[in-house]
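As you go down the protein sequences, you meet chains F and E in turn.
To convert a position in the first sequence, counted from 1, into my numbering, add 293.
To convert a position in the second sequence, counted from 1, into my numbering, add 293.
C-beta atoms are modelled at their ideal positions from N, C-alpha and C, and glycine is treated no differently.
Scroll down for the structure; my scribbles are underneath it.
Protein chains: 2
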Amino acid sequence: MKSKLGDQGVLQFEAEPVVVASGAVRPARRATAESMAQKQREISISEFFSKNRHLLGFDNPQKALLTAIKEAVDNSLDACEEAGILPELKIIIRQISETRFVMSVEDNGPGIVKQQIPKIFGKLLYGSKFHTMKQSRGQQGIGISAAGMYGQLTSGKPTCIRSRTGSDKPAHYYEIRIDTNKNAPTIVKDEKVDWDPPHGTRVEIEMEATFKKGRRSVDDYIQQTALANPHATIHYVNPLGEICDFERAAAELPVEPKEIKPHPYGVELGMLHKIMTSSGSGSIHKILQKEFSRVSDRVAEEIIQKSGLRGDRRSRDMSMPEAESLLKAIQRVKIMAPPTSCLSPIGEKLILDGLKARFKADFYTVTSRSPAVYRGNPFQIEVGLAYGGELPSEESMELFRIANRAPLQYQQSGCAIFRAAVTTDWRSYGLQQPKGALPVGPVALFVHMASVWVPFTSESKEAIAHYPEIIKEMRLGIQECARRLSAHVRHHRRQADEFKKLSYIEKFIPHIGIALGDILSLSREKQKEIVEVLTDTLQRSRQAD
Amino acid sequence: MKSKLGDQGVLQFEAEPVVVASGAVRPARRATAESMAQKQREISISEFFSKNRHLLGFDNPQKALLTAIKEAVDNSLDACEEAGILPELKIIIRQISETRFVMSVEDNGPGIVKQQIPKIFGKLLYGSKFHTMKQSRGQQGIGISAAGMYGQLTSGKPTCIRSRTGSDKPAHYYEIRIDTNKNAPTIVKDEKVDWDPPHGTRVEIEMEATFKKGRRSVDDYIQQTALANPHATIHYVNPLGEICDFERAAAELPVEPKEIKPHPYGVELGMLHKIMTSSGSGSIHKILQKEFSRVSDRVAEEIIQKSGLRGDRRSRDMSMPEAESLLKAIQRVKIMAPPTSCLSPIGEKLILDGLKARFKADFYTVTSRSPAVYRGNPFQIEVGLAYGGELPSEESMELFRIANRAPLQYQQSGCAIFRAAVTTDWRSYGLQQPKGALPVGPVALFVHMASVWVPFTSESKEAIAHYPEIIKEMRLGIQECARRLSAHVRHHRRQADEFKKLSYIEKFIPHIGIALGDILSLSREKQKEIVEVLTDTLQRSRQAD
Chain F
294 MKSKLGDQGV LQFEAEPVVV ASGAVRPARR ATAESMAQKQ REISISEFFS
344 KNRHLLGFDN PQKALLTAIK EAVDNSLDAC EEAGILPELK IIIRQISETR
394 FVMSVEDNGP GIVKQQIPKI FGKLLYGSKF HTMKQSRGQQ GIGISAAGMY
444 GQLTSGKPTC IRSRTGSDKP AHYYEIRIDT NKNAPTIVKD EKVDWDPPHG
494 TRVEIEMEAT FKKGRRSVDD YIQQTALANP HATIHYVNPL GEICDFERAA
544 AELPVEPKEI KPHPYGVELG MLHKIMTSSG SGSIHKILQK EFSRVSDRVA
594 EEIIQKSGLR GDRRSRDMSM PEAESLLKAI QRVKIMAPPT SCLSPIGEKL
644 ILDGLKARFK ADFYTVTSRS PAVYRGNPFQ IEVGLAYGGE LPSEESMELF
694 RIANRAPLQY QQSGCAIFRA AVTTDWRSYG LQQPKGALPV GPVALFVHMA
744 SVWVPFTSES KEAIAHYPEI IKEMRLGIQE CARRLSAHVR HHRRQADEFK
794 KLSYIEKFIP HIGIALGDIL SLSREKQKEI VEVLTDTLQR SRQAD
Chain E
294 MKSKLGDQGV LQFEAEPVVV ASGAVRPARR ATAESMAQKQ REISISEFFS
344 KNRHLLGFDN PQKALLTAIK EAVDNSLDAC EEAGILPELK IIIRQISETR
394 FVMSVEDNGP GIVKQQIPKI FGKLLYGSKF HTMKQSRGQQ GIGISAAGMY
444 GQLTSGKPTC IRSRTGSDKP AHYYEIRIDT NKNAPTIVKD EKVDWDPPHG
494 TRVEIEMEAT FKKGRRSVDD YIQQTALANP HATIHYVNPL GEICDFERAA
544 AELPVEPKEI KPHPYGVELG MLHKIMTSSG SGSIHKILQK EFSRVSDRVA
594 EEIIQKSGLR GDRRSRDMSM PEAESLLKAI QRVKIMAPPT SCLSPIGEKL
644 ILDGLKARFK ADFYTVTSRS PAVYRGNPFQ IEVGLAYGGE LPSEESMELF
694 RIANRAPLQY QQSGCAIFRA AVTTDWRSYG LQQPKGALPV GPVALFVHMA
744 SVWVPFTSES KEAIAHYPEI IKEMRLGIQE CARRLSAHVR HHRRQADEFK
794 KLSYIEKFIP HIGIALGDIL SLSREKQKEI VEVLTDTLQR SRQAD
């Protein structure tokens, strides 16, 4: 067969492929380096994700609807918080035919500047959050444009956007398509319109979808979003016309996360070199201080000294081997942990309030871990737990996974939170636990990871990757809550035992009184007295136990 | 807090973030639509994957080495096969410091045309296979450039490529970096060099890595690759200096897969509209026939008639509503399944040979399913099974997952193959199986999916997504093998039972002889005779069972 190399071209004009029966002789049309070169071409990121849309969470019609809403809600909440506005969202899903739905998400955020609208909704990998080290729900600049792309692919309809940036400014209405060959927006409609809200954005996408209730439903997602965002008011109408209003439980915005610089410990050689050579003019000493967090004058001096470089040289001239020396030096200098002002945890009180509002339970507890660091990225874990009451006692624990205030619903078993929950030894805290599984009992567990960069296992942001540092923090938080639960359960068991004893006393003492009365021929009054004395004595002895 | 909207800028010059003690008052610096617009920017695909490199399989140093080799090997094998060359690969891993390795993969393929080298190795999403419906290992045009990007990020070194397209042509040597801001190659070195092979390519990448032996190791991957590619010769030297040579078991190339067009049943509205409007000039009737597989003149006519459109109209003028009518019509016309000449299965004989070469077992079986279709994409499942012999009998089944002849090693539990194996009821075939787990016993199971488009769960191509059609085919193949295994095991058990009976006869009859002899006072000879007669009688009765 080797000899056939070079026969390329013989059947060049065979336009349609032909089925060759198994065993039949196939014509030779082998490729050469040259013919292969002709077929090489660039793949646009939109084409890539359009073909691989399951990577973005659009694998099936049910999940597609959820993902689209989630992306729009993430953006709305991020925008409101960044602008210091208490969020108020209107989410409406309308069914227009058996398989077609229109989702609409409206916020009272700051609005979007006209020129930016086409790119934000019509271009994948475009956004403000990717290059920023600061906690936010969105991070990749893919989500909402991917939702629009899915809508376009399945319904043929463009994404419709309405936005207004202030009461003194007009509202703009856009219809946008994505040109997937170019990964660029095509503007279908661009109008000024009348719109009442003084500021805000509304996005509407028509798509092929399925609406279901129950676990991992949009209803469920909205409820969890309200739980994780107690400062937001959410009005929600599902396609069945059911209206759910979640009024905000907190009248204040969360503490605003601040942008930070990367920490020297988390940086790799290539990145270090890139930062040092592309951060403008300045000495190595100066750029180190300017581009990294926790590098004081003294720390910069120490790094430079250990690296053997000259600190007053121009940073942008740094060679790769020099960057390598610098990196090695960084690892030998003690540097303070990164600042955690980039984080915005939910807070123990609000998590507790949320759990109480959502579950009728006997016992609630919440713990917030101190911030920690993985690969230079600060993060913080918060854990809440509800137990007993109306929670089902024969089922596995209900697990709520939240990342940067956004609930995660799919790929539970692939998530670091699941791993942390499963590898906690719940039996030592008084719960049943099948091997390698979540414990069984009336428990709801809520785990929130807040970070400048949540390492998701896929672009669809459904599960957190298994970084050991992250799992460890989660497990410590879970254990703290489990310990408190265990104390409660023990106390509860003691109480139950006591009630049991009490009921024995109440049940049997009168009979003993009657029996003694019969034997000793006592009067009714005497019998009653004996019963009282006996009851009293036993009660006291029981309490002394 | 709402009133603080617009205070933006107050702390504009605060260069370094400051830790604010919990509860302290934070300065207001809220964003507006305008300030947010200034921060919006494009994210290059290289930046995206550099930050999210775990999506590509570069999450940790051990996996990074494996992924890099895998990507290079995939490309080499694809190129050789496409050019009709029996592949011969040289894979060498050298350790150059505790955490630094150089991997080198060389093939005897057709080589790469000089002008293409920088883009193939220095640009993500660039390749020839993405737009082609034909079975190949690579599909996305990300792999090898991502490996180079990882190398550059962790070692600072460029990717080194040597390639030659024919004995009459010079060999080219390139050193390439990726400019991650632009997702474009930077040429560090470009030279003509002396290189012996008449044609072929060698790629070398230096990177931070860890080398381990055992499961999911590079050693293991190479072995499995040889098993799935019996037509390839592979020379492999690991960093410990251990040399493994896998000589090809098949002297012929696999049947060459042919490129096909998409099948009308698998196309969605957006895609249909795009194809109809961007496939050059031609009538609707003509474009339907030209751009889709299995659309004959008659089928095209029937589709057009049912759509209510006019078949002689220019296809490129088609509106979205018209495309919708066309799509609905397509679904009401009976169209032949897509051609399967785009597939290149390994074949039962070669899988069997491979299993025999790899495992010392008692029983082997292989089955090849007929091609099937998911979402318009043809695919074919092959299953092989080895049982008994030296396979460990106390452990879970060993599962080999292969997609387009490339072994999959990570994310087993997230893979459709695992799902198909776990949901097979192995107990009914005579094996033990814990609930929801792989069966326990001396079994190795090999499952190969060949397709024009394997739907991987992530860009790192580690697991196949859970399409019901795919899982069903896999399960049917597995069941076929399991049925044969079960017949073997039953036969084997009968035999074992017989041996047991035989051993009883051999063990006890002489004693009975002696006892009878004692009772009846028989001579030694008579005793021996009785033993023989008894043995013979029992043997015959046993065989008649």
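Straight-line CA distance for residue i to residue j?
| i | j | result |
| --- | --- | --- |
| alanine 365 of chain E | isoleucine 413 of chain E | 12 Å |
| serine 315 of chain F | threonine 658 of chain E | With a pLDDT of 37 at serine 315 of chain F, under the threshold of 50, the modelled position of this residue cannot be trusted, and the question is left open. |
| lysine 599 of chain F | glutamine 428 of chain F | 33 Å |
| lysine 506 of chain F | leucine 546 of chain F | 31 Å |
| glutamine 840 of chain E | isoleucine 623 of chain F | As displayed, chain E neither begins before 294 nor continues past 838, which places residue 840 of chain E out of reach and without an answer. |
| alanine 477 of chain F | methionine 442 of chain E | 26 Å |
| asparagine 401 of chain E | phenylalanine 539 of chain E | 16 Å |
| leucine 520 of chain F | glutamate 594 of chain E | 56 Å |
| glutamine 582 of chain E | leucine 636 of chain E | 22 Å |
| glutamate 675 of chain E | isoleucine 771 of chain E | 9 Å |
| histidine 784 of chain F | glycine 682 of chain F | 16 Å |
| isoleucine 454 of chain F | cysteine 373 of chain F | 17 Å |
| arginine 432 of chain F | phenylalanine 423 of chain F | The sequence shown places glutamine at residue 432 of chain F, not arginine. The alpha-carbon atoms of glutamine 432 of chain F and phenylalanine 423 of chain F are separated by roughly 5 Å. |
| lysine 450 of chain E | glycine 350 of chain E | 20 Å |
| methionine 613 of chain E | proline 632 of chain E | 29 Å |
| glutamine 463 of chain F | glycine 434 of chain F | Per the sequence presented here, residue 463 of chain F reads as proline, with glutamine not at that position. Answer to the nearest angstrom: the Cα atoms are 26 Å apart. |
If we call anything under 8 Å between Cβ atoms a contact, is residue i one with residue j?
| i | j | result |
| --- | --- | --- |
| alanine 324 of chain F | alanine 376 of chain E | yes |
| histidine 492 of chain E | threonine 458 of chain E | yes |
| threonine 452 of chain F | valine 398 of chain F | no |
| phenylalanine 504 of chain E | isoleucine 644 of chain E | no |
| leucine 359 of chain E | serine 751 of chain F | no |
| lysine 551 of chain E | serine 634 of chain E | yes |
| aspartate 472 of chain E | threonine 479 of chain E | yes |
| alanine 654 of chain E | alanine 679 of chain E | yes |
| histidine 524 of chain F | leucine 382 of chain F | no |
| leucine 692 of chain F | alanine 714 of chain F | yes |
| threonine 392 of chain F | glutamate 499 of chain F | no |
Note the first and the last residue of the continuous alpha helix (DSSP H) segment covering residue i.
| i | result |
| --- | --- |
| phenylalanine 711 of chain E | 709-715 |
| isoleucine 435 of chain F | Per DSSP, isoleucine 435 of chain F belongs to no alpha helix (DSSP H) and is neither H nor E. |
| glutamine 866 of chain F | Nothing about residue 866 of chain F can be read from this structure; chain F reaches only from 294 to 838. |
| isoleucine 674 of chain E | Element bounds for isoleucine 674 of chain E: not the alpha helix (DSSP H) but the beta strand (DSSP E), 670-680. |
| valine 592 of chain E | 590-600 |
| glycine 559 of chain E | Element bounds for glycine 559 of chain E: n/a, residue is neither H nor E. |
| proline 614 of chain E | 613-624 |
| lysine 583 of chain E | 577-584 |
| glutamate 499 of chain F | Looking at the DSSP string, glutamate 499 of chain F is not in any alpha helix (DSSP H); the run it does join, the beta strand (DSSP E), is 493-501. |
In the DSSP assignment, find the unbroken beta strand (DSSP E) run with residue i in it and report its ends.
| i | result |
| --- | --- |
| serine 608 of chain E | Unbroken run through serine 608 of chain E: none, as it is neither H nor E. |
| isoleucine 471 of chain E | 464-472 |
| serine 744 of chain E | 736-744 |
| alanine 477 of chain E | 477-486 |
Between residue i and chain C, is any beta-carbon pair separated by less than 8 Å?
| i | result |
| --- | --- |
| arginine 323 of chain E | The structure shown contains no chain C; the protein chains it does contain are F and E. |
| field | Inside the stretch 337-416 of chain E only - beta strand (DSSP E) runs reaching at least 3 residues | value | 381-390 and 393-400
| request: Please confirm if the stretch 687-702 of chain F is in contact with the stretch 741-748 of chain F, defined as three or more CB-CB distances below 8 Å between the two stretches. | output: yes
| task | Indicate whether the contact test is met: 3 or more Cβ pairs, each with one atom in the stretch 409-423 of chain F and one in the stretch 385-393 of chain F, closer than 8 Å. | result | no
| query | Can we say the stretch 402-413 of chain F touches the stretch 523-532 of chain F, given the rule of at least three CB pairs closer than 8 Å? | reply | no
| message | Counting beta carbon pairs with one atom in the stretch 503-518 of chain E and one in the stretch 331-345 of chain E, are three or more of them shorter than 8 Å? | response | no
| request: Just list the alpha helix (DSSP H) runs in the stretch 628-705 of chain F, keeping only unbroken ones of 4 residues or longer that don't cross its boundaries, in chain order. | output: 641-651
| said: For the stretch 659-670 of chain F against the stretch 554-564 of chain F, do three or more pairs of beta-carbon atoms, one drawn from each stretch, fall closer than 8 Å, so that the two count as touching? | reply: yes
| task | Kindly confirm or deny that the stretch 534-541 of chain E and the stretch 714-728 of chain E touch, where touching means at least three C-beta pairs closer than 8 Å. | result | no
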